[in-house]
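With the working numbering applied, the sequence shown corresponds to residues -15 to 449, in that order. Glycine is no exception: its CB is placed at the ideal position from the N, C-alpha and C atoms. Predicted, not measured: the structure shown is a model, and the values here were computed from it.
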Amino acid sequence: MNTYVALLLAYSAALTAFGLWIARRVQGPSDFFVASRKLPWPLIGATLLASNIGAGATVGATGLAYQEGVSAWFWNGSAGVGSLVLAFVVGPRIWRLAADRGYLTVGDFLEDRYGRDVRIVIGLLIWFGTLFILAGQLLAGAAVFSVVAGMPKWAGVLVGGVVMTGYFTAGGLLSSVWVNAVQLVVTFVGFAVAIPILMHTAGGLPGIAATSGVPAGYFDPLFSAGAMSGFTLLLLSAPNFMVSPGLVQKTYAAKDARAVRIGVSANAVALMLFACIPVILGLTARAAFPGIQNANEVLPTVLLYGLPAGVGALALAAVFSAEVSTCDVILFMLATSLSQDLYKRFVNPDASPERVLLVARMAALVGGAAGVLLAIYALDSIIGALSIFYALIGATLLVPVIGGLFVKRAGSTQALVSIACGMTVLLAVRFGTPATGWWNPNLWGLLASGAGFALSMGWSRRAVG
């Protein structure tokens, strides 16, 4: 076992132990799901930021910058823009409802607003889609261990799966909030130390500017190669950060609406600043290490071979921290969706709080295992895995949540029509067309969902009139 692997494994064990120690304070579902609604804005901001800086934000965005250039800023920048909407439009409004009516999940809001059918449909779809984003995070951890130690994909995926499942299953949101705070410190310190050294290795800005063989538009910040590239990511990525269940449910844990506004907006600003980091890493990697074929391995490669051993170990720990911190919010979605939205509501309405908590923990274990298997046997691309989740959020959840908050006359018909239209068009474009450039299933699924909602509203108004 080399030094890098030993340090990463020791760090993984320390995170798990810390999370299990915090988990001793979990007394029931309220602690597990919403941390008893007592979190101040710094902890809200920290846990959201740690959740958002994951495999796509680090490994995926660096690989995108390596291939397409500075416009990769929009991968994380779009998350910041979407988070601003969550901070000032969606978050405070839905937090008040959650505090007044005792919501624990987004499903609670959907049923209260539209009825049980909408809750069931979206709960099942989100559970399915969430497995893909979990698998994408685990692929990032596997890429780190592959480059560092030549570990096979299955072994790297398994390490990440054991760490995030261990501490989250025990403590839920309460554990993840405090573990996320540690992970953020490691992530930012690691990258802050690594970037100046890598810039020097690449020859500074002149060396980056002189990089040969780059594609057209490489240094154009507004360059876009299609719907999942460059500034056009604002259309597809930003909406997911407005209503993603894991993020919205973390705002439920805030002690008041002010904590939501300040915490989520601080997360948004930090995301837009952080978006520069993978761009710099990708550009320096292209200048110093041309010819890397696997986009998932760009970041681990440059950190391993472009830095002194001690600094490289710290930076690799930062990448692993980012991956694990996002895994726990995904497990949060899986656990709450199954235990509260499906089991408690429809299978066993009389379940005791202890029973619901047990089901949530079992759901996290099963979801973690399913994500591990999906990463090992079915997926290879981090961005490809994340795009499946983003497509489902855009096609099924965005419009019903926004419509439910701001359109008083919207009912279950509008929500179900929106979901049906979004999913039908998403699947038709994904499997019935080449899906290149602007002919992108994510974009058309989102547009169809909005159109179905609007047309259904118009039809209802006409019928009443």
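Around the beta carbon of SER249, 16 or more other beta carbons sit within 10 angstroms, so the residue counts as buried. The C-alpha of MET256 is placed about 11 Å away from the C-alpha of PRO262.
Judged by their CB atoms, VAL232 and ILE377 are not nearer to each other than the 8 Å cut-off.
Going by C-alpha positions, THR195 is about 15 Å away from LEU182.
Under the DSSP assignment, TRP79 falls in the alpha helix (DSSP H) whose first and last residues are 75 to 85.
Counting other Cβ atoms within 10 Å of its Cβ, ARG103 reaches 16 or more and is therefore classed as buried. Restricting attention to TYR374, SER440, LEU363 and ILE360, the CA atom closest to the CA of SER396 is found in SER440.
Between the segment 379 to 388 and the segment 426 to 439, the count of Cβ pairs shorter than 8 Å is three or higher; the stretches touch. Selection ALA(-10), VAL244 and GLY290 evaluated against SER67 yields VAL244 as nearest (Cα-Cα). Segment contact: the segment 291 to 305 against the segment 74 to 82, fewer than three CB-CB distances shorter than 8 Å; contact not assigned. Per the C-alpha coordinates, the member of GLY429, LEU88 and PRO425 positioned closest to GLY230 is LEU88. Here the C-alpha atom of THR(-13) lies approximately 45 Å from the C-alpha atom of LEU326.
When secondary structure is reduced to three states using DSSP, ALA56 falls in the helix class.
For LEU23, the three-state secondary structure derived from DSSP is strand. For ALA238, the pairing in a beta bridge is given by DSSP as LEU23.
Looking only at LEU389, LEU81, ALA254 and VAL385, the smallest Cα-Cα distance to ILE403 is reached by VAL385.
The C-alpha of GLU281 lies about 28 Å from the C-alpha of PHE316. Judged by DSSP in its simplified three-state form, ALA362 adopts coil rather than helix or strand. In the structure shown, PHE72 adopts helical secondary structure according to DSSP, grouped into three states. In the three-state reduction of the DSSP assignment, TYR202 falls in the coil class, being assigned neither a helical nor a strand state. LEU427 and LEU219 have their C-alpha atoms roughly 7 Å apart.
Contact check for ILE360 against TRP138 passes: the beta carbons are separated by less than 8 Å. With contacts defined by Cβ atoms closer than 8 Å, ARG21 and ALA83 form a contacting pair. Between the beta-carbon of ALA254 and that of THR171 there is about 11 Å, and that puts the pair past the 8 Å contact cut. For the 8 Å CB-CB criterion, SER130 and GLY140 form a contact. Annotated as distal: GLY266 and ALA(-3), with beta-carbon spacing of 8 Å or more. Cβ atoms of GLY174 and ALA301 come within 8 Å of each other, at about 6 Å.
The C-beta distance from LEU288 to LEU123 rounds to 17 Å, too long to meet the 8 Å contact threshold. Scanning ALA222, LEU70 and GLY53 for the CA closest to the CA of ALA375 turns up ALA222. The beta carbons of THR285 and TRP79 sit no closer together than 8 Å.
Closest option to MET407, judged by alpha-carbon separation, among ILE106, VAL303 and ILE276: ILE106. In the displayed model, TRP111 falls within a helix according to three-state DSSP. For MET135, there is no enclosing alpha helix (DSSP H), as DSSP gives it neither H nor E. Nearest Cα to VAL331 within the set ARG100, ALA63, ARG445 and GLY113: ARG100. The C-beta of THR114 has 16 or more other C-beta atoms within 10 Å across all chains shown, which makes the residue buried. CA-CA distance, VAL303 to GLY352, rounds to 20 Å.
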